[in-house]
Amino acid sequence: MTDQTQNVKPRVSFRRKYHRFFKFEFIAGIVLTGILGALVLAATWLFPEGGRTVDLMARLTPPFLSWEHPLGTDPLGRDILERVILGGRISFTVGILSAAGAVVLGTVIGLLAGYYRGLWDTLIMRFADIQLALPFILLAITVIAIVGPGTDRIIVLMIVSQWVQYARLVRSSVLSLREREFVQAARSYGLRDRKIIFGHILPNALGPLIILLTLNVANNILLESSLTFLGLGADPQTPTWGGMLSEGRNYIQTAWWVTVFPGVTIMLTVLGLNLLGDWLRDELDPLGRTSR
Amino acid sequence: MTNQTSLPTDTLLSVQNLTVQFGQGSGAVKAADDLSYTLARNKTLAIVGESGSGKSVSSLAVLGLIRHLGGQVASGKILFKSDVLGREVDLCTLAEEDMRHIRGNEIAMIFQEPMTSLNPVFTIGSQIVETLVLHQGISQRAARRKAREALELVRLPNAARMLDSYPHQLSGGMRQRAMIAMALSCQPKILIADEPTTALDVTIQAQILNIIRDLQAEFGTSVIFISHDMGVVSEMADDVLVMKASKRVEMGSAKEVLGSPKDAYTQALLAAVPRIGSMTGTSLPKLFDIPGQAPTEETPAISEVDKSQPIIEIDKLTTRYDIRGGLLNRVTHRVHAAEQVSFKIHPGETLALVGESGSGKSTVGKTIQQLVEPVSGAVRFRGKDIFSLPKEERTAFRQQSQYVFQDPYGSLNPRKTVGDSILEPALVHNIVGAGAEGRDYVCDLLEKVGLSSSQVDRYPHEFSGGQRQRVCIARSLACKPSLVIADEAVSALDVSVQAQVVNLLMRLQAEEGLAYLFITHDMAVVERVSHRVAVMYLGQIVEIGTRQQIFENPQHPYTRRLLAAVPVLDPGNRPDRKPLEGEIPSATRAVGDEPQILPLEEVATGHLVARGTKGFDGLQLA
Chain B
5 MTDQTQNVKP RVSFRRKYHR FFKFEFIAGI VLTGILGALV LAATWLFPEG
55 GRTVDLMARL TPPFLSWEHP LGTDPLGRDI LERVILGGRI SFTVGILSAA
105 GAVVLGTVIG LLAGYYRGLW DTLIMRFADI QLALPFILLA ITVIAIVGPG
155 TDRIIVLMIV SQWVQYARLV RSSVLSLRER EFVQAARSYG LRDRKIIFGH
205 ILPNALGPLI ILLTLNVANN ILLESSLTFL GLGADPQTPT WGGMLSEGRN
255 YIQTAWWVTV FPGVTIMLTV LGLNLLGDWL RDELDPLGRT SR
Chain V
2 MTNQTSLPTD TLLSVQNLTV QFGQGSGAVK AADDLSYTLA RNKTLAIVGE
52 SGSGKSVSSL AVLGLIRHLG GQVASGKILF KSDVLGREVD LCTLAEEDMR
102 HIRGNEIAMI FQEPMTSLNP VFTIGSQIVE TLVLHQGISQ RAARRKAREA
152 LELVRLPNAA RMLDSYPHQL SGGMRQRAMI AMALSCQPKI LIADEPTTAL
202 DVTIQAQILN IIRDLQAEFG TSVIFISHDM GVVSEMADDV LVMKASKRVE
252 MGSAKEVLGS PKDAYTQALL AAVPRIGSMT GTSLPKLFDI PGQAPTEETP
302 AISEVDKSQP IIEIDKLTTR YDIRGGLLNR VTHRVHAAEQ VSFKIHPGET
352 LALVGESGSG KSTVGKTIQQ LVEPVSGAVR FRGKDIFSLP KEERTAFRQQ
402 SQYVFQDPYG SLNPRKTVGD SILEPALVHN IVGAGAEGRD YVCDLLEKVG
452 LSSSQVDRYP HEFSGGQRQR VCIARSLACK PSLVIADEAV SALDVSVQAQ
502 VVNLLMRLQA EEGLAYLFIT HDMAVVERVS HRVAVMYLGQ IVEIGTRQQI
552 FENPQHPYTR RLLAAVPVLD PGNRPDRKPL EGEIPSATRA VGDEPQILPL
602 EEVATGHLVA RGTKGFDGLQ LA
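Chains as they are written, first to last, in the numbering used here: chain B, 5 to 296; chain V, 2 to 623.
In structure tokens:
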């Protein structure tokens with residue numbers, strides 16, 4: 005283990021310098037989410053009418069027949085491509101914001117409860133048990149009945165009901181990590197608790213967290229659709245991926261494209277996010293990363 | 002070795018040109034490379050080597066477990082005379098069906114970790130009975146009777162009750178005896194013991210080794226004994242096989258190999274082994290001689306101890322852990338980990354705190370480091386009691402003492418570069434700033450502990466165990482402490498690495514005038530490094546004095562017992578010691594049941610001995 009390369013800066017090729025980005029997971033993930041994200045961001049500008057143009061003459065046009073409706077139309081003659089892209093606005097927002105909110109809230113609570121233990125830990129975890137036992141739909145119907153429907157409320161509801169999973173997951177990792185010697189060592193030289201928790205414990209608890217996060221984004225996109233289906237979410241006129249799935253259900257035998265295209269879009273989004281999640285998890289773990 | 006097909010009569014097992022590899026193609030790693038040895042009837046063959054030398058792999062090949070682990074036998078033969086199959090077989094090519102008759106029946110194995118090698122959800126009895134019923138085809142009732150006999154053979158008290166006990170109800174030593182009972186229940190012809198006593202205390206180790214020896218004499222079993230501990234090997238082995246980097250280095254009788262080794266590697270290995278009693282007559286610590294490194298050249302003189310003012314003074318320190326139970330979660334029991342412990346350490350001095358697991362020696366260290374709160378007592382740094390200070394002022398004293406942990410794999414954050422890990426304590430105490438200044442500081446530290454400054458951006462997994470321990474030492478030096486607490490800091494390392502790390506610690510002590518609290522169970526290392534020694538037993542110091550006083554004139558019966566139990570590297574001579582009977586009692590007591598404090602009596606200047614052996618019931622000492 006002798007190195008003489010002390011002050012000599014080796015010339016590194018572009019590819020070598022950015023080697024961590026030359027991975028299948030990253031490239032495929034960034035291409036998928038990037039294209040979808042860009043389309044969704046541009047949606048309002050691309051389709052100012054908001055996908056509400058009804059053309060009953062052209063109802064249930066099959067896909068790939070005309071430039072006017074490349075992915076066909078739905079039972080009201082609305083363009084599927086247009087609605088898929090517009091639908092991403094709500095689905096993306098709900099899926100990502102709700103998961104992000106829940107992961108932040110749950111992680112912080114889980115870290116603190118697991119590190120400090122004691123009475124607060126017991127209280128929070130018992131509360132979490134109750135929360136887990138409460139069916140989400142029941143909670144959603146009750147709350148929406150009181151405060152009225154809306155996308156923002158759905159996001160809040162999802163955060164409130166889902167932080168528990170993250171808190172539980174993180175807490176269980178923390179319980180074993182806090183006994184590890186490197187945490188003891190950090191305490192022994194007087195590092196502040198805040199730095200121990202966020203600098204030493206959190207990075208070691210990230211792996212399973214990222215997996216759960218990517219799974220939850222997908223679930224929340226679907227959950228939003230069931231809430232919309234029940235009339236608790238966005239206005240039914242506004243296109244969402246979940247809403248399109250449930251509308252198309254009745255026509256699946258005769259017009260597959262009404263359900264298949266939003267379905268494929270959800271699948272591609274989730275796949276992209278999962279690939280990025282896998283890549284991120286590997287990058288954060290020095291063991292999984294090939295050095296140099 | 003000739004490729005004969007039939008074994009000589011007194012040879013039971015013959016491994017011929019065995020090559021085992023893991024992985025495929027160019028990435029294949031040879032775990033055993035052209036290895037050959039023979040095992041004679043009723044003899045013990047010891048396989049020694051450092052970690053990663055492939056000593057375990059060859060025995061796993063004998064049991065046919067290589068494929069299960071994802072490797073393969075690339076070439077070679079393992080010939081074995083099987084009575085069950087009634088013929089001589091090659092264990093490498095034997096059908097799995099036949100192998101099952103041999104495994105556990107004719108060839109049995111004991112593993113290192115008694116904690117994990119018994120299934121926690123079954124009773125000891127049912128696990129032994131299972132083996133017996135499977136291999137010997139006897140009834141449950143007969144098997145149970147045999148199981149009980151086996152437990153009696155390994156001298157487990159109350160064998161009948163033990164049959165219905167679960168593994169967690171037994172101590173480590175008892176579990177290892179239960180493992181031996183299970184391995185021997187079918188009266189195998191070969192017993193493979195893979196580091197069977199490494200996880201155990203010395204007195205318990207002596208007990209287990211004694212049992213293995215007695216049973217071998219009784220049943221005529223051949224033993225393959227895998228160990229890294231030369232002392233244990235010297236006590237157990239008839240023949241010794243030395244391995245290095247998957248290859249055989251040397252093989253011969255124990256007397257030849259350990260007494261007058263021919264190979265340079267064996268010589269180096271033996272030179273690094275600390276031998277108890279080798280320091281008789283000297284009062285100062287001494288560096289290890291490491292072959293290849295000139296010992297005289299720049300060996301710094303071991304510094305004299307400055308006796309004017311102690312750096313740290315521990316006064317009647319008592320630390321207890323509460324155990325809660327019952328419906329109301331009240332404190333029902335307390336672990337009396339440290340009871341009225343008092344000692345001083347001067348600058349440049351090493352105090353060794355020795356004792357067996359559960360004696361409370363780590364608790365004392367952790368209390369000084371403020372990782373645990375004491376119940377009563379004082380810890381004075383240069384005369385200032387830290388536990389009487391408010392919490393905010395106390396943290397500043399964490400700079401004064403630094404802790405080095407046992408496990409170099411666990412005590413570094415795997416997700417931080419070693420540079421960041423070393424720098425962190427210095428940042429906490431504002432010794433250096435971040436950025437270039439901090440980086441230079443870390444590079445200096447790395448070079449001081451014998452690593453290269455170009456390794457600063459590497460992650461812990463890119464280092465070996467010994468290098469990681471050097472990183473931990475560098476980290477402990479980062480905030481310029483006056484006391485370093487080394488908690489079993491060299492116990493997990495191979496002997497040659499251990500010698501280097503111990504030398505590093507002593508060199509740093511001479512350079513920086515550091516005081517060490519050296520917590521360990523290894524008496525041989527203690528003899529090398531320490532100026533003074535304190536012996537702990539059940540949370541109390543039973544004897545404290547200079548190294549010479551403790552090692553040359555031990556007064557307390559427990560100290561004597563501890564010293565006698567250390568395996569001695571003296572090939573050809575087996576020790577004549579009475580094994581310890583019974584179990585070490587527990588330090589857990591019901592609330593209100595306070596242990597009696599043994600008063601310390603001065604028998605010579607600075608040599609204090611606990612009067613009486615009260616509280617030592619259950620353990621026959623004298």
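For glycine and all other residues, C-beta sits at the position ideal for the given N, C-alpha and C.
- Under the Cβ criterion of 9 Å, V/Glu489 is not counted among the residues facing chain B.
- Here B/Gly281 is near B/Ile215, since their CB atoms are less than 9 Å apart.
- Shown in chain order are the members of the region 182 to 200 of chain B whose Cβ falls below 9 Å from a Cβ of chain V: Arg184, Glu185, Phe186, Val187, Gln188, Ala189, Ala190, Arg191, Ser192, Tyr193, Gly194, Leu195, Arg196, Lys199.
- Segment contact: the region 72 to 87 of chain V against the region 123 to 134 of chain V, fewer than three CB-CB distances shorter than 8 Å; contact not assigned.
- Residue pairing from DSSP places V/Leu484 in a beta bridge opposite V/Ser402, V/Ala516.
- With fewer than 16 other CB atoms across the displayed protein chains lying within 10 angstroms of its CB, B/Ile256 is exposed.
- Between B/Gly92 and B/Val160, the C-beta gap is not smaller than 9 Å, which leaves the two residues out of contact.
- The way I'd put it, the region 22 to 36 of chain V does touch the region 229 to 249 of chain V; three or more beta-carbon pairs between them come closer than 8 Å.
- B/Asp156 and V/Arg325 have their C-alpha atoms spaced approximately 46 Å apart.
- Annotation: the continuous alpha helix (DSSP H) that includes V/Gln177 extends over 173 to 185.
- With respect to chain V, the C-beta atom of B/Leu288 has a partner C-beta closer than 9 Å.
- V/His347 sits in coil when the DSSP states are folded into three classes, being neither helix nor strand.
- For the options V/Gly349, V/Asp195, V/Leu285, the alpha carbon positioned closest to that of V/Glu512 is the one of V/Gly349.
- In the pairwise beta carbon analysis, the region 190 to 208 of chain V is classified as touching the region 554 to 570 of chain V: at least three pairs are separated by under 8 Å.
- In the three-state reduction of the DSSP assignment, V/Asp523 falls in the coil class, being assigned neither a helical nor a strand state.
- Counting only the Cα atoms, V/Arg42 lies some 6 Å from V/Leu13.
- If you draw a 10 Å sphere on the C-beta of B/Leu123, you find fewer than 16 other C-beta atoms in it, and that means exposed.
- Listed by position along chain V, the residues whose Cβ is nearer than 8 Å to that of B/Asn220 form an empty set, because the closest Cβ is around 24 Å away.
- The three-state secondary structure of V/Lys56, taken from DSSP, is helix.
- Taking 8 Å as the upper bound on Cβ-Cβ separation, chain B lies near no residue of the region 516 to 532 of chain V.
- The beta carbon of V/Pro311 lies closer than 7 Å to those of Lys345, Ile346, His347 in the same chain, with the five residues before and after it left out.
- Within a 10 Å sphere around the beta-carbon of B/Arg87 sit 16 or more other beta-carbons, which makes this residue buried.
- For B/Asn223, there is no enclosing beta strand (DSSP E); the residue is part of the alpha helix (DSSP H) that begins and ends at 206 to 233.
- Scanning the region 216 to 261 of chain V from its first residue to its last, the whole alpha helix (DSSP H) runs of 4-plus residues come out as 231 to 237.
- One alpha carbon belongs to V/Ala588, the other to V/Ala338, and they sit about 7 Å apart.
- With a minimum length of 4 residues, the unbroken runs of alpha helix (DSSP H) contained wholly in the region 423 to 460 of chain V fall at 437 to 449.
- In the three-state reduction of the DSSP assignment, B/Asn278 falls in the helix class.
- The Cβ-Cβ distance between B/Thr244 and B/Glu228 falls below 9 Å.
- Rounded to the nearest angstrom, the gap between the Cα atoms of V/Leu446 and V/Gln456 is 12 Å.
- When CB distances to chain V are screened at a threshold of 7 Å, the residues of the region 202 to 220 of chain B falling below it are His204, Pro207, Asn208, in chain order.
- Sorting B/Pro79, B/Ala189, B/Ile94 by C-alpha distance to the C-alpha of B/Leu226 places B/Ile94 at the top.
- Cβ-Cβ separation between B/Leu279 and B/Glu29: approximately 5 Å, consistent with a contact (criterion under 8 Å).
- Taking the C-beta atoms as reference points, V/Phe226 is found no nearer than 9 Å to V/Val503.
- Around the beta carbon of B/Phe265, 16 or more other beta carbons lie within 10 angstroms, which makes this residue buried.
- A direct Cα-Cα distance of roughly 39 Å separates V/Met183 from V/Gly613.
- The bridge partners DSSP lists for V/Met537 are V/Ile542.
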